[in-house]
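Protein chains: 2
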Amino acid sequence: MAAALTRRQIVETADRLFYENGFGATAFADIAASIGISRGNFYYHFRTKDEILDAVIGLRLQKTEALLADWEKQAETPRDRIRRFVHILVANRAKIMLYGCPVGTLCSELAKLDHLALGRAGELFALFRSWLSRQFDALGRSADADALAMHLLMRSQGVATLAAALRDEGFIEREVQAMNLWLDAQCPAIPPPTI
Amino acid sequence: MAAALTRRQIVETADRLFYENGFGATAFADIAASIGISRGNFYYHFRTKDEILDAVIGLRLQKTEALLADWEKQAETPRDRIRRFVHILVANRAKIMLYGCPVGTLCSELAKLDHLALGRAGELFALFRSWLSRQFDALGRSADADALAMHLLMRSQGVATLAAALRDEGFIEREVQAMNLWLDAQCPAIPPPTI
DNA sequence: GTCTATAGCCTGATAGAC
DNA sequence: GTCTATCAGGCTATAGAC
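The structure is reproduced here in structure tokens:
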């Protein structure tokens, strides 16, 4: 039963280190040292580094699904739900300024490595994309819901990349405000209640 | 005199390989093999890998300055100049879909490595930023010229990151069109000529 | 200036004791 | 399940022949 715990520790620590230092720059020794296990123990749980990457992406997919389901439950209107998405830039700004977006930077690295896992990592974007698309659809923008979802994803990626490159915190807040204004402009005026 | 040639070959090849495969994933052996020189010869021109990175950033800064000066000369109006900037996404879309933006991906990697050269790499963004800012200023938007410049930089970064992650070419074209529409909306209406 | 040879370290991965 | 010991191979960097 201790196996399940150790395995989970490995995946969660790898998740953090892949984000903070990059996949290629993270060695088994780093993960092992951070948990307090030996490098040898590693291979009882995973046979290769790529298997760990796969487990990390799986964990992120799982966490993302839970996050989106939570937003769906917590927020009442599609507009408020989309605002939750925009707000992660503010909530995570400290880490974003240091390491960028966990999804975007992983995909960028895997693209350069021509790594097979790029497809699976892209599913993380696909989750946000289809969720946002459904919100825009519910907002009455069914014709261009997917384009609006991609546009918002694009802006969040641009903000994260530039904020990390220039280490500029104020920039995040200004662009988040612009994103919220843009979002309001996409919402059709709500008809006044008929009394 | 052959030294200058070899040195230039090293920097230009490193520039390409850092872009295509990443800084960390590019070994001296890769650069040497691509040029056709020995690994040992390397250290006659550069003492460390970081020195090569510095030279690569220097080359990119130089090329960027030349590019911006060329746009300044080729295009007549500020609006046309800014459109030149937007157009690089289309002109380089094949490579962008494979490797993302050369500036953004390098900065992302250096940020994770906590590399000292991040500051110098950020100067590449600063060049585009101040150039774009001057164009918006000339467009009559002196009050928010810098914010508009950052906004456009942000969008180009978002487009490059997402296009590379999802390997989606149509997305680049749609967003470039949206960027051009946005740009037109920022231009104050040109008063009709007084006859 | 460019080469070959090699040092010294770190990497992912394996074998086998406990 | 976890450990120690170890392997083969890759890396940056150096030394010295030509």
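Those protein sequence lines, which keep their order, are chains V and R.
Numbering (my numbering) for the first sequence: 1087 to 1281.
Numbering (my numbering) for the second sequence: 1087 to 1281.
All C-beta atoms, glycine included, are put in the ideal place defined by N, C-alpha and C.
The Cβ atoms of isoleucine 1168 of chain R and leucine 1218 of chain R lie closer than 8 Å to each other.
Proximity of phenylalanine 1171 of chain R to chain V, defined by a Cβ-Cβ separation below 8 Å, is not satisfied.
An exposed status is given to serine 1124 of chain R, since fewer than 16 other beta-carbon atoms sit within 10 Å of its beta-carbon.
By the criterion of at least three beta-carbon pairs nearer than 8 Å, the region 1161-1180 of chain V is not in contact with the region 1151-1162 of chain R. Contact annotation for cysteine 1273 of chain R against chain V: no contact, minimum CB-CB distance about 18 Å [criterion: below 9 Å].
With respect to chain V, the C-beta atom of phenylalanine 1257 of chain R has a partner C-beta closer than 8 Å.
In this structure, the beta-carbon distance from leucine 1184 of chain R to alanine 1250 of chain R falls below 8 Å. Leaving aside the five residues that flank leucine 1234 of chain V on each side, the residues in its chain whose CB is nearer than 8 Å to its CB run, in chain order, Leu1218, Ser1219, Phe1222, Arg1227, Gln1272. No Cβ-Cβ contact shorter than 8 Å links glutamate 1106 of chain V with glycine 1108 of chain R. For glycine 1122 of chain R, none of the residues of chain V pass the 9 Å Cβ criterion, the least Cβ distance being about 23 Å. About 12 Å separates the Cβ atoms of cysteine 1187 of chain R and alanine 1207 of chain R, ruling out a contact at the 8 Å cut-off. Bounds of any alpha helix (DSSP H) do not take in serine 1124 of chain V, whose DSSP letter is neither H nor E. Spatial neighbours of leucine 1213 of chain V in its own chain (CB-CB distance under 8 Å, excluding positions within 5 residues in sequence) are listed in chain order as Leu1147, Thr1150, Glu1151, Leu1154. 8 Å or more divides the Cβ of aspartate 1140 of chain R from the Cβ of alanine 1197 of chain R.
Taking C-beta separations shorter than 8 Å and ignoring five residues to either side along the sequence, the partners of glutamate 1255 of chain V in its chain run Arg1179, Met1183, Ala1249, following chain order. Minimum Cα-Cα distance from alanine 1089 of chain V among the listed residues V:Ser1216, V:Ala1115, V:Asp1270, V:Phe1132 corresponds to V:Phe1132.
In the three-state DSSP reduction, threonine 1134 of chain V falls in the coil class, being neither helix nor strand. Around the beta-carbon of alanine 1231 of chain V, 16 or more other beta-carbon atoms lie within 10 Å, marking it buried. Taking C-beta separations shorter than 6 Å and ignoring five residues to either side along the sequence, the partners of threonine 1099 of chain V in its chain run Ile1117, Ser1120, Ile1121, following chain order. Proximity of leucine 1199 of chain V to chain R, defined by a Cβ-Cβ separation below 8 Å, is satisfied. When Cβ-Cβ separations below 8 Å define contact, alanine 1203 of chain V makes no contact with chain R.
When rounded, the separation of the alpha-carbon atoms in tyrosine 1130 of chain R and valine 1142 of chain R is 17 Å. For phenylalanine 1211 of chain V, the nearest beta carbon of chain R is closer than 8 Å to its own beta carbon. Counting the other CB atoms within 10 Å of its CB gives aspartate 1200 of chain R a total below 16, which places it among the exposed residues.
For cysteine 1193 of chain R, the enclosing alpha helix (DSSP H) starts and ends at 1188-1198. For chain V, the residues of the region 1225-1245 of chain R that bring a beta carbon within less than 9 Å of one of its beta carbons are Ala1233, Met1236, His1237, Leu1239, Met1240, Arg1241, Ser1242, Gln1243, Gly1244, Val1245, in chain order.
Chain order gives the chain V residues near glycine 1186 of chain R as Ser1194, Ala1197, where near means a beta carbon separation below 7 Å. Buried is the label assigned to threonine 1191 of chain V, since at least 16 other Cβ atoms lie within 10 Å of its Cβ. Each of V:Gly1244, V:Asp1166, V:Phe1128, V:Leu1210 was checked against the Cα of methionine 1236 of chain R, and the nearest Cα belongs to V:Gly1244. Take the alpha-carbon of threonine 1247 of chain R and the one of alanine 1115 of chain R: they are about 28 Å apart. When the alpha-carbon of glycine 1205 of chain V is set against those of R:Met1240, R:Gly1205, R:Phe1104, R:Arg1253, the nearest one is in R:Arg1253.
Here leucine 1238 of chain R is buried. Its C-beta has 16 or more other C-beta atoms within 10 Å. Taking C-beta atoms under 8 Å as the contact rule, arginine 1094 of chain R and methionine 1240 of chain V fail to qualify, at a distance of about 37 Å. Under a 10 Å Cβ-count criterion, glycine 1126 of chain R is classified as exposed, with fewer than 16 other Cβ atoms of the shown protein chains found around its own Cβ.
Leaving aside the five residues that flank proline 1274 of chain V on each side, the residues in its chain whose CB is nearer than 7 Å to its CB run, in chain order, Gly1226. Taken through DSSP and simplified to helix, strand or coil, threonine 1247 of chain V comes out as helix.
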